[in-house]
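Student: Numbering of the sequence shown is given in our numbering, commencing with residue 1 and proceeding in unit increments.
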Amino acid sequence: MATREKRVEASEIRREELEFAEEERRAEEERAMAAADEARSSAATTAAAEAAGWETEEEELDMGASDRALSMKASVTEEASDDVRKLWSGIEGTAPEQTEEEKEAMRLDNLKRKYQNAIGRLPYGIPSKELAGMDWMELSALLATGEKKTVEGGAEVTQVNGRWYYSDADDTGTFLTEHGKKVEPKREPPKAAAAS
1 MATREKRVEA
11 SEIRREELEF
21 AEEERRAEEE
31 RAMAAADEAR
41 SSAATTAAAE
51 AAGWETEEEE
61 LDMGASDRAL
71 SMKASVTEEA
81 SDDVRKLWSG
91 IEGTAPEQTE
101 EEKEAMRLDN
111 LKRKYQNAIG
121 RLPYGIPSKE
131 LAGMDWMELS
141 ALLATGEKKT
151 VEGGAEVTQV
161 NGRWYYSDAD
171 DTGTFLTEHG
181 KKVEPKREPP
191 KAAAAS
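1. If you draw a straight line from the C-alpha of residue 6 to the C-alpha of residue 20, how long is it?
2. How would you call residue 112, buried or exposed, if buried means at least 16 neighbouring beta carbons within 10 angstroms?
3. So who's on the other strand from residue 164, going by DSSP bridges?
4. Pull up the DSSP beta-bridge partners for residue 86, would you.
5. Near residue 196, which residues of its chain fall below 8 Å by C-beta distance, leaving aside the five closest residues on each side in sequence?
6. Verify whether the separation of the beta carbon atoms of residue 157 and residue 131 is less than 8 Å.
7. Going by DSSP, what residue range makes up the beta strand (DSSP E) through residue 148?
8. Can you tell me whether residue 97 is helix, strand or coil according to DSSP?
9. Note down the Cα distance separating residue 178 from residue 171, rounded to an integer number of angstroms.
10. Going by Cα to Cα distance, which pick from 22, 139 and 118 is closest to residue 175?
11. I need the DSSP call for residue 19, collapsed to helix, strand or coil.
12. Please report the distance separating the alpha-carbon of residue 139 from that of residue 74.
13. With 16 as the cutoff for other CB atoms within 10 Å, does residue 167 come out buried or exposed?
14. Can you tell me which of the three DSSP states residue 130 falls into?
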């Protein structure tokens with residue numbers, strides 16, 4: 001009984017293999033026919049273009065493979081029309097024009113990015129306790145749009161939430177520290193009473 005089941009199973013496997021091989025053969029024939037149709041279509045298109053006066057230019061592509069490895073060579077079959085040439089002819093010399101609003105928006109965006117990068121580079125985080133919990137994006141926007149002034153020594157300070165903070169992004173020693181904050185002097189430990 002077991003051998004009969006094995007024979008039936010083996011015959012089913014052979015039948016499936018034959019069906020699969022037949023499907024593969026048909027698919028290969030279809031691919032070959034499609035490739036032949038494409039080659040005929042390409043040849044007809046090239047012949048029609050040459051009959052219409054178009055010139056084909058051979059263009060070599062160096063893709064790191066030898067010539068024998070490439071099955072097709074690229075060619076330019078069409079030149080740009082007069083309208084397209086006119087359109088592109090004036091583009092090279094003129095720079096895009098920005099309105100004052102666009103220039104100001106670009107300046108503010110660049111300034112915000114500069115402050116965001118500077119905040120991210122602070123070695124120990126934001127030094128001001130009042131600003132430490134703020135979102136970087138919000139803080140950079142406040143620094144970019146806040147009132148600015150120059151104080152003694154040429155340092156720039158910006159007003160954020162009613163307080164003035166050093167806003168020189170290149171100076172990590174003072175960046176985002178409060179201007180005018182009184183620093184308490186270090187107290188010396190009490191000296192021991194002189195032994196009498």
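Glycine residues also receive a C-beta, built at the ideal position from the N, C-alpha and C atoms. Just so it is clear, the structure is predicted and the values come from calculations on it, not from any experiment.
Tutor: Looking at the atomic coordinates:
1. One-based indexing of the sequence shown puts residue 6 at position 6. One-based indexing of the sequence shown puts residue 20 at position 20. Each residue's Cα considered, the two are about 21 Å apart.
2. As a working mapping, residue 112 is identified with position 112 in the sequence shown. That one is buried.
3. As a first step, residue 164 must be located in the sequence shown, where it is residue number 164. DSSP lists 159 as partners of residue 164.
4. On the sequence shown, residue 86 is found 86 positions in, with the first residue counted as 1. Beta-bridge pairing links residue 86 to no other residue.
5. Position 196 of the sequence shown, counting from 1, holds the residue named residue 196. A caution first: residue 196 carries a pLDDT of 47, below 50, which makes its placement in the model unreliable, though a value can still be read off. Closer than 8 Å at Cβ, skipping near neighbours: no residue.
6. Translated into positions along the sequence shown, residue 157 becomes position 157. Translated into positions along the sequence shown, residue 131 becomes position 131. No, the pair does not count as a contact, with Cβ atoms beyond the cut-off.
7. Walking along the sequence shown from the start, residue 148 turns up at place 148. Taken as a continuous stretch (DSSP letters only), the beta strand (DSSP E) holding residue 148 covers 148-150.
8. Here residue 97 refers to the residue found at position 97 of the sequence shown. In the structure shown, residue 97 sits in coil (DSSP, three-state: anything other than H, G, I, E or B).
9. Position 178 of the sequence shown holds residue 178. Position 171 of the sequence shown holds residue 171. Looking at the two C-alpha atoms, the distance is approximately 14 Å.
10. Position 175 of the sequence shown, counted from the start, is the residue given in the question as residue 175. Measuring from the Cα of residue 175, the nearest candidate turns out to be 118.
11. Locating residue 19 in the sequence shown gives position 19, counting from the first residue. It is helical.
12. Within the sequence shown, numbered from 1, the residue matching residue 139 stands at position 139. Within the sequence shown, numbered from 1, the residue matching residue 74 stands at position 74. If I take the Cα positions, the gap works out to 54 Å.
13. The residue labelled residue 167 in the question sits at position 167 within the sequence shown. So residue 167 ends up on the buried side.
14. Residue numbering aside, residue 130 sits at position 130 when the sequence shown is read from its first letter. Looking at residue 130 - three-state DSSP - the assignment turns out to be coil, as it is neither helix nor strand.
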